[in-house]
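*Asks:*
Residue numbers (my numbering): 973 to 1097.
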C-alpha cells in the first residue's frame, strides 16, 4: 500500500551514498602525495566521474580541500596542546562532528598527514 515511500527512501539513500562516494574519492585525491600534492582535484575526479558538471567538480574540490585543511589543522592544534601522543579517537570524533562523511581510510590518512606536518614543524616534542 505504501510501497512508493520505500522506493523514495531507497532513491534518496542511493543519492546520498553516491555523494559520499564522490566526496571520499575527492578527499583521497586532495591528499595525494607527489606531483598532485595540493593541486586541484577537478580533472582527476572527472576522470572517475565523467557525469559531473564543472560546477559540481568545483564544489567537490572546494569541500574536499576544506575538509583536508580542517583535518590537518585540528591535528596540529591538538598536537600543540597534547604533545606527540595526540588521541586519534578524540581527533576523529571532533573531525566527524563537522565532516560526517569521510571513510576509515581517508580518516587514517588525514590524521597521519596532520601528524606528519606537526612533527615536521617540531610541534608536540
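We put the CB at the ideal spot given by N, CA and C, even for glycine.
Keep in mind it's a predicted model, so treat the numbers as computed, not measured.
Around the Cβ of residue 1002, are there at least 16 other Cβ atoms within 10 angstroms (buried) or fewer (exposed)?
*Replies:* Residue 1002 is buried by the Cβ-count criterion.
*Asks:* Grab the span of the alpha helix (DSSP H) containing residue 1088 for me, first residue to last.
*Replies:* It spans 1076–1092 - the alpha helix (DSSP H) in which residue 1088 sits, taken as one unbroken run.
*Asks:* Does the structure place the stretch 1073–1089 close enough to the stretch 1046–1061 that three or more beta carbon pairs sit under 8 Å?
*Replies:* The stretch 1046–1061 vs the stretch 1073–1089: in contact.
*Asks:* Express the C-alpha separation of residue 1029 and residue 1010 in angstroms, rounding to a whole number.
*Replies:* Straight-line Cα distance between these residues: approximately 16 Å.
*Asks:* Please classify residue 975 as buried or exposed, where buried requires at least 16 other C-beta atoms within 10 Å of its C-beta.
*Replies:* Confidence is the limiting factor: at residue 975 the pLDDT is only 38, short of 50, which leaves the residue's position unreliable, though a coordinate-based value still follows. Exposed, since its Cβ has fewer than 16 Cβ neighbours within 10 Å.
*Asks:* Let me know the secondary structure DSSP gives residue 1070 once reduced to three states.
*Replies:* Three-state result, residue 1070: coil.
*Asks:* What residue range does the alpha helix (DSSP H) around residue 937 cover?
*Replies:* Any question about residue 937 goes unanswered here, given that the chain covers just 973 to 1097.
*Asks:* Helix or strand or just coil, what does DSSP make of residue 988?
*Replies:* Note: residue 988 maps to helix in three-state DSSP.
*Asks:* Quick one, which of 1034, 1073, 1023, 1090 has its alpha-carbon nearest residue 989's?
*Replies:* Taking only the C-alpha atoms, the option nearest residue 989 is 1073.
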